[in-house]
Amino acid sequence: MEDCIFCKIISGEIPSELVYKDEQVVAFNDINPVAPVHILVVPRVHIPTLNDMEEEHKELLGHVAWVMKKLAREHNIHESGYRIVTNCGPDAGQVVFHLHFHLLGGRSFGYGRPADDS
Ligand code: AMP
Ligand code: ZN
1 MEDCIFCKII SGEIPSELVY KDEQVVAFND INPVAPVHIL VVPRVHIPTL
51 NDMEEEHKEL LGHVAWVMKK LAREHNIHES GYRIVTNCGP DAGQVVFHLH
101 FHLLGGRSFG YGRPADDS
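Quick note on the numbering used here: the sequence shown kicks off at 1 and runs consecutively.
This is the structure:
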């Protein structure tokens with residue numbers, strides 16, 4: 001995907017603060033963190049949104065959950081707690097159309113108005 005910023009990060013064309021990589025996913029620090037720990041976990045394959053997930057991706061997204069669990073422990077937020085977010089479409093405010101999961105921790109999160117609850 002030529003114009004996809006996350007594909008460019010995955011290929012190394014654009015630099016990032018990589019925290020994890022394997023054959024299926026990469027994880028890097030969010031450039032605009034909203035919590036002390038703010039990691040993006042990104043499948044290597046270009047899937048624009050969760051709406052575009054196919055049955056063949058079920059195992060991949062299970063792997064994403066496994067990686068997020070491991071990263072939560074590595075970053076010492078597994079006991080204090082953490083939040084996992086994926087934004088899908090306009091009402092969620094999705095900006096980058098390459099499926100990714102935010103792993104957020106190191107502070108507490110409320111359940112205020114959804115649009116403000118980053
Ligand atoms: P969203 O699509 O709503 O999940 O938001 C995209 C997220 O990607 C935002 O939190 C951005 O700060 C983050 N982001 C955008 N560009 C980069 C980049 N080059 N490196 C790291 N994070 C990025
Ligand atoms: Zn992409």
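Note that the Cβ used here is the ideal one computed from N, Cα and C, for glycine as well.
Report task. Starting from the Cα of N51, find the closest Cα among D22, H98, G81, R44 and give me that residue. Result -> H98
Query raised in the report: Between the C-alpha atoms of V25 and H102, what's the straight-line distance to the nearest angstrom?
Result: 13 Å
Query raised in the report: From which residue to which residue does the beta strand (DSSP E) around R83 run?
Result: 82 to 85
**Report entry** Which of helix, strand or coil DSSP assigns to H100
**Finding:** coil
Report task. Please name the residue or residues paired with P43 in a DSSP beta bridge. Result -> V25
Requested in this report: Specify, as a first and last residue, the run of the alpha helix (DSSP H) that V34 falls within.
Outcome: Unbroken run through V34: none, as it is neither H nor E.
Requested in this report: Mind checking which residues open and close the alpha helix (DSSP H) that includes R73?
Outcome: 58 to 74
Query - For K8 and L71, the rounded distance between their alpha carbons - result: 22 Å
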